[in-house]
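See structure below.
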Amino acid sequence: MRHSVFAIVRSLGLSIAAALVTVIVPVALPSAAWADAARPVLRAGLTLEVSTLDPVRATNYCENIIVLNVYDMLVMPDPDKGVVPWIASSWDISDDRKSYTFHLRNDVLFHDGRAVEAEDVAFSLRRVLTLPGLVGGYLRAVDKDRIEVLDAHTIRLNLKEVDPTFLRALVNLKVMNSRLLMANKAEGQYGEFGDYGVKYLATQDAGSGPYSIAEFRAGEGVTLKAFDDYKIEPWDPTAPKEVKLRIIPEMVTMETKTLAGEFDLTFVNPSPPRVKLFEGNPKFEIDRWQTLNNYYVVMNNKKPPLDDENVRKAISYAYDRNTVMNKIYSGGVPLNGPVPEALLGKCEGIPTYEFDMKKAAEYLAKSKYSPEELKKFKLEYASTAGAEAFEKTGLMLTLNLKKLGLNAEVKNVRWTDIVAAQTKPETAYPFVFFYDSARVRQPGTLLTFYTKKGWGAPYPSGGIYWENPDVTAMIEKAAQLADGSPEQAKLYCDAVKKIAAEAPAIFSHNDIHIQPRWKYLKAGTRDGGSSQYEYRFERFRFDVKDPDFVANQAK
Amino acid sequence: MAIVEETAGGVVSRTAEEAEMAPARKSGFRRRLSRFLHNRLAVAGTLVLLFLLLVAMLVPWIAPYPDDVADSLNFDAVLAPPSLQHLMGTDEVGRDVLTRVMFGARWSLAMAAIVLGIAVTLGVPLGLCAGYYGGVLEQILMRLTDGFSAVPALVLALAITVLLGPSLLNAMVAIGFVWWRGFARIAHGQTLSKKQETYVVVARSLGASDLHVMFREILPNISSPLFVSLALNAGYAVLTGTALSFLGAGARPPTPEWGQMVASSRNYLPQGWWASLFPGLAIFVTVVSFNLLGDGLRDYFSEE
Amino acid sequence: MAEPVVRLTSLRVDFHTADGVEQVIRDVTLRIDPGEIVGLVGESGCGKSVTAKLLLGILPMPPARLKNGTVEMFGRDLAMLGAVERDTLKKHVAYVPQDPSAVLNPSFTIASQMIDMIVWYESDRRLLEYFRRRHSKRHVARAHDFAAELLGKVQIADPDDVLRRYPVQLSGGMRQRVLLAMALSGRPKLMIADEPTTALDVTVQKRTIDLLKDLAQREHLAGLYITHDLGVAREICARTYVMYAGTTVENGPTAELLDRPLHPYTRGLVEAIPSLAGGLPHAIAGQVPDYLSPPPGCRFAPRCGEARDLCRAVPESVIREGRREVSCWLYERETVA
Amino acid sequence: MRFLSRLANMLIVILFVSIFMFVLVRVLPGDPVGAALGEGATKEQIDKFRTQMGMDKPLEVQYAVYLRGLFDGHFGPSLIEPRDVGDIVWERLPATLELVLCSLMLAIVLGVPLGIVAATHRNGPIDQLSRLWSLTGVSFPPFWAALMLQLLLGAALALVPITGRMSGPPPEHFTGLYLVDALLTGNLSAFGDALHHLIAPTLVMAVGPLAQITSMVRSTMLDELAKPYVSYNRAVGMPSFLINYKYALRNAFSSTLTLIGFLFPIMIGGAFIVEKVFAWPGIARFGADSILANDYNAIVGVTLVVCLFVVVVNFVTEELYSALDPRIRLEG
């Protein structure tokens, strides 16, 4: 038996050696260096799946970032001015504020080289209003049957009712190449429009934006290429000429790869302990800016004991905003009332509820419910499954409520189940923690949920079920006024004060966006005026001489 | 997993050689016990499991920070590394990891118990009937088992859990519902081999009812492989349960379930390695212990 | 007298198991002279097969351990030999195993297995040489012819047909003959047959025994024939050893030994044979002892009708009638051995 | 005949699973539409979507539509991705297959020799290690092992990529298996790239199967080595090499084949976790996401395709098994 041992050891050794070769050889092979120094490449990780590139179906931040770089709009959001001309070089508004005439630039090209025309705008608008999807909701004031193409570069849109948010909402109208889509339509239920190009757009683009889609690999990522004929803004030689976005579902992996120089920046906030890691790295710069994300705890005002104003106030006092803002989130700005100051303008005298357990107890004592009764109510705090910070906030709140003698508990619920529950006062959760990204950047949209109009919307705030006739009247009146006018601002301010006085929800804070990036990259350093518009990549700049840049580009 | 589902003689099977070399013996409890005790790893596994059971029962009294099981936040001690105060450190909201790992033993043992309870209740009678009656019934039942086996357990359990509504209890039910197929196979195979034995034939000729024969005559005689399989499957059930929790379909935070703990602490790797390392280790140790126990039981029950 | 082919002296083998040390072989002394077929008889579990395995070098150690004694084959002490030399000796040993159906590899044809063996013996224990020859058409063809010739020697009518078959396609008797043929492929000098006919039915048994006897004569084989069938032993073996519980208790020329057994155990065995003259056989009461804690002296004492106090000590073997030897306190030594 | 009846069996199993899954997703509670539309969808939009997906029709009508779809490989539109589930699944399948097959190969290549050495050197150090390994290797929670390995290999040692299938552009598409495609097109850098990316996920996926294959090979080899034909061959002086590798392994390998049939579905289950951690763009990651999002068509599509492959692999291993074992071949 003995002499065969050698044979066995040999064969075992061989297989181990083979395995080692498998491991080592690729290490030795240089990864295909297909980065070209002359064309700086921006690399970043996406933590959510990109399941469509269709602007109408895009829902998560990753899809949004791609879409807003591939498509252009009539107007461009601007953090200071609201919106600025873009494909539309100018526009006229009728006196009744129900009719908008846009004059389009005539030098804007789609990625296939065809000029953007009014017909494309009309097509895109009809498409967004016809297809199911979120973004259509922002444009619902538009009368779909009265879209008038006046000439190749002029279009008039008519509203069914005055909508102060309309111009800002136009950011959601991505202009698409109608002919390309019609040439590539698939069978569908929209008559002559087939499937409205839904299938095609899932993986292809039909835009006129600064980048076109070079490659989309489902589950892996998207590569964008600079559109050389982009005319609205001139190309800078140090702007990314190519953008490689890779889907990395695990946050920790994405951050590791960023630290390793495989990515240039992160789009989402690292968790507080990990921020330190970037802070401690001299090669990184961290941008911080206040967002317009309104964090609040929605309360179901129809569900006892939350139908009692005193109970709601007590709960508001029991909410430790500073802990949430600074320990759970990485800093923020307190939010008083449903609208952030950045949108509301100066408005003094909004009732606030600073964390104070004594006051909370006092208000609870004033409740029409006895302590025994109060104890019997089961107060569920619905936290969106997977949203860790939501859960931590809930733990804090329920812990404090327990100290007050209330029976509260955190329940992790899927997003779909939350929004489904919110549509009826009987099923709506007592508490839902959420943030509104104030996508349209106008107080009116945020305030809708405090009027009957917003009741039952499949959205966390749809489950507030609170109203006050005075507030409703003020909000309706403000909608008729010129957007941004002092009269309108005053009305919104008064409405906010009245809402805050009855504490229908716990108003928490606006968070701080934290963006770690390699120093050689100059990216947006403030809110882009609408969700994710800070990530228009053509505005990014590289320090192409930085050795780190050169080294990382090769990775 | 498959082999364990398939045959009771799975992962480390006792070999024919071992059987052959052992001279003829009178089998008896003592001898079996001594053989079991001789398998030091099996004894170690059993001790670990007993320890876990003890911890699970006594945890509210022995855990260092019993409040940390769920409703506790300590933002001043977030992700504190292991120290004398916190032997396994603290997690992302400052809860004591050791306490939560200890509480987690409850869920994992419950997972094993409930999953196997459901699986055995469903699978064994089905397998018994299939093996005992044979014919068309056997064909149908075994086709059914094949069908269930063709979809990976994790996938089917995941789908059922999600459709029932994600929760730990639903995950247990779903896994149990998926798990019966292995037991059905074993019961079926064993019943087939025992059906012709004298005591069964005698019982039948004496006019005993089918139910009596199946459950009073056959079942006790096929219980050894079932016991071995129970122990081995317990580990895999725990693994599957924690995997479901990791994917977000099982336990939800703040439930201190091990898979869920790894899932919610993984964003703090590598700095907060202790928060995901220890729950993961706990899973590993539990599963290994179940496997060792199963291995020992196989020795215990093995025929000469 | 010529050098014996096999000589076992005072063998003692222990088995180290989970339950303790089993003293399976306590004292085996055995000799086979050239051209002589020696029987080894006893109940099952007496250590006959262990003895054979020890001779063949296939007793797994551990758990087994040779505590005492020497094994000599062709005049060489096996313990002194290296593995290679020991294996070389095996070429000259024809092994006829107990269960012909289990011994042939079910996955290969008879031809494949026989050619493997023939080529291996020809390659002089060199693996590379073996592979070279095994893949050379010429060598394989030659080995094939030799295999057919061997099958002819064991009176197989259509060797080519048998060679093509898998073991499952052959009858038990056929398989046993194939094994006999294989045993001859190394041009052996010694045959070790471990109950070669137990698994066969009676008519086939008879023919196989005749064939064995015939072959042994023609090929001038010495042999050890293990059996529990005293009738078979009488037919084929010149001398016979009786083994009980790991001890060779008695030996002598087969006919004498069976006609006038000396040891009470041998007597018990002979009485257990159903005789044609009628009368029920008397089975020996009791069982082979537990090797974990065997009786201290004579191992047969607990079952022996004539046991005395003396039997608590181990009996020495004494020579009787010149050619017979027995280990029992009933007999006193005639001459100093 | 036996072949045909097995084929029929296979079809019955698939049909059974398809019916079971169809009923399951429709009977159990849960509303998928909200998930598909995302935050802030209005009630009208949800209803519109529902009609569009045909979910307002009676169950039997839905089943008819579903069955018709199955025959031409369509599973209906995905709710989370506006494409047909069939397209998504077929597009993503190669990634998962590549991962599973490579892991299986790794497990076999390492496990079989290890098992043999463990068996032939019983109670030696390798054997002790392999026995310990067979108990521990199957006990690693895959998600945890994946995270830890990722940290160790990728982050700490920076040895291998820890996400994705490729850094560079993929090779020209033939099979979708990058390794195969790269070889077919002679694209060596793509081959190296793909192989490099395979290392980490493959290691994690192979841990359990390696343990099981090792222990299976070990114990069947031990059984095999204890058989009379082995001691016979030893007795007649045949070399250990032939006995171990030619005789025993041949017989032991058939049971390993059966094991592979059982390992396959488990590995696909494991892919559901490994693909997520390693950002692997396969069917399993899509499956996990779609299941968690309650995407009816995707749940059915993914399970059916997985089931199809499991059944086919089992079929193939069984056929191979009987081809290897003359007893079955001759009796069948």
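Heads up: the protein sequence lines correspond to chains W, U, Y and S, in order. The opening residue of the first sequence carries number 1 in our numbering; numbering runs sequentially from there. The opening residue of the second sequence carries number 556 in our numbering; numbering runs sequentially from there. The opening residue of the third sequence carries number 860 in our numbering; numbering runs sequentially from there. The opening residue of the fourth sequence carries number 1197 in our numbering; numbering runs sequentially from there. All C-beta atoms, glycine included, are put in the ideal place defined by N, C-alpha and C. Bear in mind that the values here come from a model prediction, so they are computed numbers and not experimental data.
Neighbour list for residue i in chain U, Cβ cutoff strictly below 8 Å
i	result
TRP1329(S)	Within chain U, no residue comes near TRP1329(S); the closest Cβ sits about 10 Å away, beyond 8 Å.
Distance between residue j and residue i (C-alpha atoms, nearest Å)
i	j	result
ASN1196(S)	ALA206(W)	This structure leaves residue 1196(S) out entirely; chain S is present only between 1197 and 1528.
SER1186(Y)	ARG1167(Y)	14 Å
ASP308(W)	THR1247(S)	40 Å
ALA786(U)	GLY849(U)	5 Å
ASP107(W)	TYR196(W)	26 Å
ALA35(W)	ARG217(W)	Because ALA35(W) carries a pLDDT of 42, less than 50, the predicted location of this residue cannot be relied on, and no value is offered for it.
LEU677(U)	GLU255(W)	46 Å
LEU713(U)	VAL1296(S)	19 Å
PHE606(U)	ARG661(U)	12 Å
ILE1479(S)	LYS555(W)	28 Å
ASP1019(Y)	GLU1294(S)	48 Å
LEU683(U)	LEU940(Y)	58 Å
For residue j and residue i, believed in contact at Cβ under 8 Å, the rounded distance
i	j	result
GLY1272(S)	VAL1281(S)	6 Å
SER124(W)	VAL175(W)	5 Å
THR1454(S)	THR1410(S)	About 16 Å; that fails the 8 Å criterion.
PRO460(W)	VAL496(W)	Rounded, the Cβ-Cβ distance is 19 Å, inconsistent with contact.
ILE669(U)	MET612(U)	In fact, because the Cβ distance is near 17 Å, the residues do not count as touching under 8 Å.
Distance CB(residue i)-CB(residue j) smaller than 7 Å
i	j	result
ALA1448(S)	MET1417(S)	yes
VAL135(W)	VAL56(W)	yes
GLY1265(S)	ARG1414(S)	no
MET643(U)	LEU653(U)	yes
ALA705(U)	VAL1209(S)	yes
LEU522(U)	LEU395(W)	Missing from the structure shown is residue 522(U); chain U here goes from 556 to 859 and no further.
THR716(U)	VAL793(U)	no
THR1398(S)	CYS1503(S)	no
VAL1221(S)	ILE1495(S)	yes
LEU447(W)	ILE418(W)	no
ILE1461(S)	PRO707(U)	First, the amino acid is wrong: residue 1461(S) is Pro here, not Ile. Closer than 7 Å, so yes.
ASP623(U)	ASP651(U)	yes
Under 9 Å from the C-beta of residue i: neighbouring residues of chain Y
i	result
HIS593(U)	ALA877 and ASP878
Residue i: contacting residues in chain W (beta-carbon distance under 9 Å)
i	result
GLN1346(S)	GLU250, VAL252, THR253 and THR256
Beta-carbon neighbours of residue i, restricted to chain U and to distances below 7 Å
i	result
SER1335(S)	GLY790, PHE839, VAL842, VAL843 and ASN846
Contacts of residue i in chain S (Cβ-Cβ under 8 Å)
i	result
ALA698(U)	Looking at the sequence shown, residue 698(U) is not Ala but Arg. In chain order: ASN1205, ILE1208, VAL1209 and PHE1212.
ASP765(U)	The contacting residues do not exist; ASP765(U) stays about 27 Å from chain S at best.
Interface partners of residue i on chain W, CB under 7 Å
i	result
PRO1477(S)	ARG217, ALA218, GLY219 and GLU220
Minimum Cβ-Cβ distance from residue i to chain C less than 7 Å
i	result
CYS1298(S)	Included in the structure are the protein chains W, U, Y and S, with no chain C among them.
Per-residue contacts from residue i into chain W (C-beta, under 8 Å)
i	result
GLY1382(S)	Per Cβ cutoff of 8 Å: no residues; GLY1382(S) is ~15 Å from chain W at best.
Under 9 Å from the C-beta of residue i: neighbouring residues of chain S
i	result
GLU49(W)	ILE1276, GLU1277, ARG1481, PHE1482 and ASP1485
Which residues of the region 931 to 956 of chain Y have a Cβ closer than 9 Å to any Cβ of chain S? Give them in chain order.
So the close ones are ARG945, ASP946, THR947, LEU948, LYS949, LYS950, VAL952, ALA953, TYR954 and PRO956.
**OP:** For the region 589 to 622 of chain U, enumerate the residues whose C-beta is nearer than 8 Å to any C-beta of chain Y, in chain order.
**Re:** SER589, ARG590 and HIS593
Margin query: Along the region 974 to 997 of chain Y, where does the CB come closer than 9 Å to a CB of chain S? Name the residues.
Written below: ASP975, MET976, TRP979, TYR980, ARG984, LEU986 and TYR989
Within 7 Å of chain W by C-beta, residues of the region 790 to 823 of chain U in sequence order: GLY803, ARG807, PRO808, PRO809, SER819, ARG821, ASN822 and TYR823
To be precise: take each residue of the region 1048 to 1067 of chain Y, compare its Cβ to all Cβ atoms of chain S, and keep it if any distance is under 7 Å. Which residues remain? Taking 7 Å as the cut-off between beta carbons, none of the residues of the region 1048 to 1067 of chain Y comes near chain S.
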